[in-house]
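Peer 1: To start, I am sharing the structure in question, which I have written as structure tokens.
Protein chains: 2
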Amino acid sequence: MIAIGVDVGGTSIKGAFVNENGEILSRFSMKAYNENSPEDEVGRLCDIINKAIKDGNFKEKIEGIGIGIPGIADMDEGRIITCPNLPTWNGFNIKQFMTKKTGLPVMLNNDANVAALGEAKFGSGKNYQNLLMITLGTGVGGGVIINGKIYDGNKHQGGELGHMVIKLNGELCGCGRRGCFEAYASANALIRDTKKAMKKHPDSLLFIIEKELNGIDARNAFVAAKRGDLIGQSLVDQYVMYLSEGLINYCNIFRPEAIILSGGVANEKEYLTNKVTAYLEKHTYGMRGSPKVDVINGTLGYDSGKIGAASLVLFK
Amino acid sequence: MIAIGVDVGGTSIKGAFVNENGEILSRFSMKAYNENSPEDEVGRLCDIINKAIKDGNFKEKIEGIGIGIPGIADMDEGRIITCPNLPTWNGFNIKQFMTKKTGLPVMLNNDANVAALGEAKFGSGKNYQNLLMITLGTGVGGGVIINGKIYDGNKHQGGELGHMVIKLNGELCGCGRRGCFEAYASANALIRDTKKAMKKHPDSLLFIIEKELNGIDARNAFVAAKRGDLIGQSLVDQYVMYLSEGLINYCNIFRPEAIILSGGVANEKEYLTNKVTAYLEKHTYGMRGSPKVDVINGTLGYDSGKIGAASLVLFK
Numbered sequence: 001m002i003a004i005g006v007d008v009g010g011t012s013i014k015g016a017f018v019n020e021n022g023e024i025l026s027r028f029s030m031k032a033y034n035e036n037s038p039e040d041e042v043g044r045l046c047d048i049i050n051k052a053i054k055d056g057n058f059k060e061k062i063e064g065i066g067i068g069i070p071g072i073a074d075m076d077e078g079r080i081i082t083c084p085n086l087p088t089w090n091g092f093n094i095k096q097f098m099t100k101k102t103g104l105p106v107m108l109n110n111d112a113n114v115a116a117l118g119e120a121k122f123g124s125g126k127n128y129q130n131l132l133m134i135t136l137g138t139g140v141g142g143g144v145i146i147n148g149k150i151y152d153g154n155k156h157q158g159g160e161l162g163h164m165v166i167k168l169n170g171e172l173c174g175c176g177r178r179g180c181f182e183a184y185a186s187a188n189a190l191i192r193d194t195k196k197a198m199k200k201h202p203d204s205l206l207f208i209i210e211k212e213l214n215g216i217d218a219r220n221a222f223v224a225a226k227r228g229d230l231i232g233q234s235l236v237d238q239y240v241m242y243l244s245e246g247l248i249n250y251c252n253i254f255r256p257e258a259i260i261l262s263g264g265v266a267n268e269k270e271y272l273t274n275k276v277t278a279y280l281e282k283h284t285y286g287m288r289g290s291p292k293v294d295v296i297n298g299t300l301g302y303d304s305g306k307i308g309a310a311s312l313v314l315f316k
Numbered sequence: 317m318i319a320i321g322v323d324v325g326g327t328s329i330k331g332a333f334v335n336e337n338g339e340i341l342s343r344f345s346m347k348a349y350n351e352n353s354p355e356d357e358v359g360r361l362c363d364i365i366n367k368a369i370k371d372g373n374f375k376e377k378i379e380g381i382g383i384g385i386p387g388i389a390d391m392d393e394g395r396i397i398t399c400p401n402l403p404t405w406n407g408f409n410i411k412q413f414m415t416k417k418t419g420l421p422v423m424l425n426n427d428a429n430v431a432a433l434g435e436a437k438f439g440s441g442k443n444y445q446n447l448l449m450i451t452l453g454t455g456v457g458g459g460v461i462i463n464g465k466i467y468d469g470n471k472h473q474g475g476e477l478g479h480m481v482i483k484l485n486g487e488l489c490g491c492g493r494r495g496c497f498e499a500y501a502s503a504n505a506l507i508r509d510t511k512k513a514m515k516k517h518p519d520s521l522l523f524i525i526e527k528e529l530n531g532i533d534a535r536n537a538f539v540a541a542k543r544g545d546l547i548g549q550s551l552v553d554q555y556v557m558y559l560s561e562g563l564i565n566y567c568n569i570f571r572p573e574a575i576i577l578s579g580g581v582a583n584e585k586e587y588l589t590n591k592v593t594a595y596l597e598k599h600t601y602g603m604r605g606s607p608k609v610d611v612i613n614g615t616l617g618y619d620s621g622k623i624g625a626a627s628l629v630l631f632k
């Protein structure tokens with residue numbers, strides 16, 4: 001069994017042919033142009049797919065196409081509702097269009113959910129049945145896997161794990177509320193807090209690191225902390241506290257077997273997961289024998305989106 | 317098909333024979349004595365059940381016994397871990413014991429989960445497949461129903477919906493963390509805030525209401541608000557804000573079709589749910605067409621525990 005997984009990004013569309021062992025057999029990609037009509041763009045995508053099928057000469061049957069959508073869609077019907085990075089796609093029925101052009105069944109889900117499914121089936125989550133994936137990027141995304149399947153609520157619009165208020169009347173969040181998990185645990189939040197700390201401590205090592213890294217992103221605080229800088233350490237400690245408090249909430253709510261961290265800040269790998277694990281062991285509700293939640297990194301990296309999208313079809 | 321549902325409380329144990337339509341055919345109850353051994357207490361319960369089966373002369377087969385446990389247990393194995401109100405039961409294998417004494421299969425789950433299942437199957441939740449039940453009592457309990465089944469996470473220890481921090485470093489919660497939903501939305505939290513407001517406003521109508529109601533509980537603020545008292549109104553507004561902010565978090569996380577409110581504070585019925593609904597419509601993440609979550613009251617009242625416990629067996 002083979003499925004095609006497509007990861008739609010704001011600047012490029014990437015895809016892969018994936019077999020039932022989660023192995024990538026071949027890849028394809030194309031640039032995405034915001035100014036073109038979705039019919040042009042997705043038409044081009046279908047041409048690429050049709051050619052790849054022909055050229056690939058695959059021995060097994062191609063079961064269908066799974067797509068991770070960076071936005072909100074009527075996942076069943078296939079109509080895109082809002083795709084912030086590809087606004088011309090709004091209202092476009094990608095499922096109907098692609099089925100017509102390729103003759104294959106098409107399945108959609110949100111990109112964060114799809115990445116979680118990829119890790120759950122073929123990545124670091126493959127030994128767990130119930131897990132969460134939290135993406136610590138520009139925002140905080142989430143995917144919920146229950147009994148090996150995506151749980152995404154009514155009309156596929158649940159699983160918005162970044163938009164849980166952890167600090168009433170706190171920092172303004174992109175969603176319009178104040179104090180969301182995203183407003184404290186995203187890379188953007190860490191960058192905001194790093195800048196604040198630099199303003200307060202003009203002689204901090206952070207200024208040297210800013211020059212070394214050519215700017216300020218989520219890494220700067222970690223680099224400073226690892227070099228023993230006290231401001232950097234307190235930034236990291238504070239970040240770990242915010243992240244962990246949100247994760248403890250999710251432990252209490254879902255009691256998953258594992259939480260997979262991904263996205264920019266998760267590039268700190270064990271340096272971050274070890275600190276979070278230590279915090280969780282100290283503070284988790286239900287020290288009274290509640291089962292431990294493993295906090296781990298994903299292993300599929302950028303392929304999680306493609307493999308996860310294919311998994312929509314492989315495990316339908 | 318008939319199942320027996322047992323609701324274990326700190327001072328009494330109540331049960332019912334429930335048919336597959338959720339109708340209660342007969343009831344039984346006994347006082348629970350903390351000082352007795354669990355073998356004595358549960359032995360007495362089994363005698364009552366065995367006699368009720370004999371006397372009942374039921375025409376349909378009795379499929380088993382479901383039990384709602386007010387505490388933590390190894391639900392599969394049947395051993396009680398901690399039952400704060402019945403501490404002598406800790407370590408007791410209620411499942412093994414009752415199966416031996418009655419010859420019937422026995423299934424356990426947490427009392428909040430079981431009540432949610434009862435409402436989901438036969439109460440106000442019966443038209444929904446995905447819902448949450450939030451109990452606003454001494455604490456805040458929760459039950460999660462996904463695809464018509466209880467979701468309770470690893471070792472049945474998820475669904476602790478009261479223990480989500482909504483205000484970092486906020487009020488101390490019984491679980492040891494600060495700022496939990498329970499520390500703001502429980503009846504106890506409202507009582508604390510009512511007392512605080514009375515201290516600050518010694519000429520408030522709340523003092524007259526205290527005399528009328530013979531004390532302070534979750535009702536006082538609502539009575540004052542309904543009579544037009546400004547302090548009472550601001551207490552209710554603040555409570556609605558705390559409750560709704562927590563519920564919005566759960567809308568974003570689960571995007572359920574409905575949230576059922578139960579417990580002491582929910583006795584305010586539509587007066588409360590209307591205010592919460594108005595708040596949710598104003599503030600929910602995803603004004604961009606996210607499906608509405610119905611906030612409703614339960615309809616089974618105290619029977620939700622018994623009917624829900626029976627449902628463990630009826631829908632196993």
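From first to last, the protein sequence lines stand for chains A and B. With my numbering, the residue at position 10 of the first sequence is 10, and numbering never jumps. With my numbering, the residue at position 182 of the second sequence is 498, and numbering never jumps. All residues carry an ideal CB built from backbone N, CA and C; glycine is no exception. Since the model is a prediction, treat every value here as computed from it, not as a measurement.
Look up Thr451/B in the DSSP assignment and give the residues it is bridged to.
Peer 2: Sequence index remark: in the second sequence, residue 451/B carries index 135 (1-based). DSSP, once it has assigned bridges, lists Gly457/B, Ser578/B as partnering Thr451/B.
Peer 1: Note down, one range per segment and in chain order, each beta strand (DSSP E) of at least 3 residues found wholly within the stretch 384 to 445 of chain B.
Peer 2: Correct list: 388 to 390, 395 to 398, 422 to 426.
Peer 1: Can you find the residues in the same chain that come closer than 6 Å, C-beta to C-beta, to Phe344/B, ignoring five residues on each side of it along the sequence?
Peer 2: Within the second sequence, numbered from 1, the residue matching residue 344/B stands at position 28. Cβ neighbours of Phe344/B beyond the five flanking positions: Gly331, Ile364, Ala368.
Peer 1: Does the beta carbon of Gly164/A sit closer than 8 Å to a beta carbon anywhere in chain B?
Peer 2: Start at 1 with the first residue of the first sequence, and residue 164/A comes out as number 164. Residue 164/A is actually Met in this sequence, not Gly. Cβ-Cβ to chain B under 8 Å: yes for Met164/A.
Peer 1: At which residue ranges does the stretch 536 to 601 of chain B contain complete beta strand (DSSP E) runs of 3 or more residues, listed in the order of the chain?
Peer 2: Segments of the beta strand (DSSP E) lying fully in the stretch 536 to 601 of chain B: 574 to 578.
Peer 1: If we cut at 8 Å on Cβ distances, does Phe254/A have a partner in chain B?
Peer 2: As a first step, residue 254/A must be located in the first sequence, where it is residue number 254. Yes, because at least one Cβ of chain B sits closer than 8 Å to the Cβ of Phe254/A.
Peer 1: Does the distance from the C-beta atom of Gly434/B to that of Ile623/B stay below 8 Å?
Peer 2: As a first step, residue 434/B must be located in the second sequence, where it is residue number 118. As a first step, residue 623/B must be located in the second sequence, where it is residue number 307. Yes. Within cutoff.
Peer 1: Quick check on Ser12/A: buried or exposed, where buried means 16 or more other Cβ atoms within 10 Å of its Cβ?
Peer 2: For the purposes of this step, residue 12/A is taken as the residue at position 12 of the first sequence. Looking at its Cβ environment, which holds fewer than 16 other Cβ atoms inside 10 Å, Ser12/A is exposed.
Peer 1: Taking C-beta pairs closer than 7 Å, name the residues in chain B that Gly153/A reaches, listed in chain order.
Peer 2: By 1-based counting over the first sequence, the position of residue 153/A is 153. Near Gly153/A (Cβ distances below 7 Å), the residues of chain B are Asn446, Phe570, Arg571, Pro572.
Peer 1: Mind checking if Leu588/B is an interface residue toward chain A, Cβ cutoff 8 Å exclusive?
Peer 2: As a working note, residue 588/B is residue 272 in the second sequence. With 8 Å as the cut-off, Leu588/B does not count as an interface residue toward chain A.
Peer 1: Which term fits Asn504/B, buried or exposed, when burial requires 16 or more other beta carbons within 10 angstroms of its beta carbon?
Peer 2: The residue you call residue 504/B lines up with position 188 of the second sequence. Asn504/B comes out buried.
Peer 1: Please name the residue in Pro354/B, Glu379/B, Arg493/B whose C-alpha comes closest to that of Phe631/B.
Peer 2: Here residue 631/B refers to the residue found at position 315 when the second sequence is read from its first residue. Looking at the Cα atoms, Glu379/B is the closest of the given residues.
Peer 1: Below 8 Å between beta carbons is the criterion; list the residues of the stretch 167 to 178 of chain A that meet it against any residue of chain B, in chain order.
Peer 2: Going along the stretch 167 to 178 of chain A in chain order, one finds Lys167, Leu168, Gly170, Cys175, Gly176, Arg177 with a Cβ nearer than 8 Å to chain B.
Peer 1: Using only alpha-carbon positions, find the residue among Asn267/A, Gly305/A, Arg178/A that is nearest to Asp111/A.
Peer 2: As a first step, residue 111/A must be located in the first sequence, where it is residue number 111. For Asp111/A, the nearest C-alpha among the options comes from Gly305/A.
Peer 1: Within a Cβ cutoff of 8 Å, which residues of the same chain sit near Ile482/B, ignoring the five residues on either side of it in sequence?
Peer 2: Here the question's residue 482/B lines up with position 166 in the second sequence. Here the set comprises Gly495, Cys496, Phe497, Tyr500, Tyr558, Glu561, Gly562, Asn565.
Peer 1: Under a CB-based cut-off of 8 Å, is Ile462/B close to chain A?
Peer 2: As a working mapping, residue 462/B is identified with position 146 in the second sequence. Ile462/B counts as touching chain A.
Peer 1: Assign Ala278/A to buried or exposed, taking buried as 16 or more other Cβ atoms, counted over all protein chains shown, within 10 Å of its Cβ.
Peer 2: The residue labelled residue 278/A in the question sits at position 278 within the first sequence. Under this definition Ala278/A is an exposed residue.
Peer 1: Checking 8 Å against the spacing of the C-beta atoms, do Lys411/B and Leu424/B come in under that value?
Peer 2: Translated into positions along the second sequence, residue 411/B becomes position 95. Translated into positions along the second sequence, residue 424/B becomes position 108. Yes; because the gap between Cβ atoms is below 8 Å, this pair is in contact.
Peer 1: Quick check: Ile507/B and Asp533/B, are their CB atoms within less than 8 Å of each other?
Peer 2: Against the second sequence, residue 507/B aligns to sequence position 191. Against the second sequence, residue 533/B aligns to sequence position 217. Cβ distance < 8 Å, so Ile507/B and Asp533/B count as in contact.
Peer 1: Quick check: Leu300/A and Gly123/A, are their CB atoms within less than 8 Å of each other?
Peer 2: In the first sequence, the residue the question calls residue 300/A occupies position 300. In the first sequence, the residue the question calls residue 123/A occupies position 123. Taking 8 Å as the Cβ cut-off, Leu300/A and Gly123/A qualify as a contacting pair.
Peer 1: Quick one, which of Met75/A, Asn113/A, Arg44/A, Asn127/A has its alpha-carbon nearest Gly162/A's?
Peer 2: Start at 1 with the first residue of the first sequence, and residue 162/A comes out as number 162. The candidate whose alpha carbon is nearest that of Gly162/A is Asn113/A.
Peer 1: Going along chain B, which residues have a C-beta under 7 Å from Ser290/A?
Peer 2: Residue numbering aside, residue 290/A sits at position 290 when the first sequence is read from its first letter. Per Cβ cutoff of 7 Å: Gln473.
Peer 1: Can you check which of these residues, Ile67/A, Ala258/A, Cys175/A, Arg227/A, is closest to Val144/A by C-alpha distance?
Peer 2: Locating residue 144/A in the first sequence gives position 144, counting from the first residue. Here the closest residue by C-alpha is Ala258/A.
Peer 1: Identify the contact partners of Leu312/A in chain B, using a Cβ-Cβ distance below 9 Å as the criterion.
Peer 2: Taking the first sequence and counting its residues from 1, the one referred to as residue 312/A is at position 312. Within chain B, no residue comes near Leu312/A; the closest Cβ sits about 18 Å away, beyond 9 Å.
Peer 1: Taking 8 Å as the threshold (beta carbon to beta carbon), is Glu35/A in contact with chain B?
Peer 2: Within the first sequence, numbered from 1, the residue matching residue 35/A stands at position 35. Chain B contact via Cβ: absent.
Peer 1: For the alpha helix (DSSP H) that contains Asp619/B, what are its first and last residues?
Peer 2: The sequence position of residue 619/B within the second sequence is 303, counting from 1. Element bounds for Asp619/B: 619 to 630.
Peer 1: If you run the structure through DSSP and keep just helix, strand and coil, what is Ile216/A?
Peer 2: Your numbering for residue 216/A matches position 216 in the first sequence. DSSP places Ile216/A in coil when its eight states are reduced to three.
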